[in-house]
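Undergrad: Residue numbering for the sequence shown follows this note's numbering, beginning at 59 and increasing consecutively. Glycine residues also receive a C-beta, built at the ideal position from the N, C-alpha and C atoms. Please read all numbers here as calculations on a predicted model, not as lab measurements. Below are the structure tokens for one structure; questions will follow.
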Amino acid sequence: MTKNLGNAERSAPKEPASNSALSRLAPALFPLAVVALGYLIGWQFFGF
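Take a look at the structure:
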């Protein structure tokens, strides 16, 4: 049985990959997009 010496090359990078601005803003913009779409549908079909 071999010992784990801790000097093997890691497959994952040490620093996390930087996220783009869109991927950070998408969760915040999703409810706004849903509300805007609901408003447009309501305005089109129900007139409010």
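State the Cα-Cα distance for the pair Glu67 and Leu87, rounded to the nearest angstrom.
TA: 39 angstroms
Undergrad: Alpha carbon to alpha carbon, what distance is there between Leu63 and Leu90?
TA: 52 angstroms
Undergrad: Which of the three DSSP states is assigned to Gly64 in this structure?
TA: Three-state DSSP puts Gly64 in coil, outside helix and strand.
Undergrad: Kindly indicate which three-state DSSP category Ser81 falls into: helix, strand or coil?
TA: helix
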